[in-house]
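In full-length UniProt numbering, the protein residues as written are 1 to 137.
Each residue gets a CB set at the ideal place from its N, CA and C atoms; glycine is no exception.
The next block holds one structure in the form of structure tokens; read it before the comments.
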């Protein structure tokens, strides 16, 4: 059984049915027996971005949609924070939210599905995806 953790951008692409999400990633999420997780870290990140005016989302609706999709919320636990202290800073992404998603994926363990180049280079727990090329006008 595949256990996946969606990063924040992949979650937004999934919920928006965005064409940048590759077919193989959609198939992985929809595979029979797949367990898909969304971290509370992503909700925290989006709430901060909303407060800063960088995104406009109905966060309550997003929270409900995650549950409606039969995804599981992954709480931020003490063991994740302790693992953060042990993360190799020379190889870790600079973004705190990305670091937290990375340590959660390693601690649980889960395959982290991401389009973020900094996360894709971080190891075996990451399933990197290249966004599809934009359609030509």
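Helix, strand or coil for residue i? Go by DSSP, reduced to three states.
i           : result
residue 38  : strand
residue 70  : coil
residue 133 : Unreliable placement is indicated for residue 133, whose pLDDT of 45 sits below 50; the coordinate value is still reported in the next sentence. It is coil, neither helix nor strand.
residue 110 : coil
residue 4   : strand
residue 90  : coil
residue 56  : coil
residue 64  : helix
residue 105 : helix
residue 83  : helix
Cβ atoms of residue j and residue i: under 8 Å apart, would you say?
i           : j           : result
residue 5   : residue 104 : yes
residue 43  : residue 65  : no
residue 102 : residue 122 : yes
residue 8   : residue 59  : no
So residue i packs on residue j, CB below 8 Å; how close in whole Å?
i          : j          : result
residue 29 : residue 38 : Not a contact, Cβ separation roughly 11 Å.
Which residues mark the beginning and the end of the alpha helix (DSSP H) in which residue i is found?
i           : result
residue 29  : 23-30
residue 120 : 117-120
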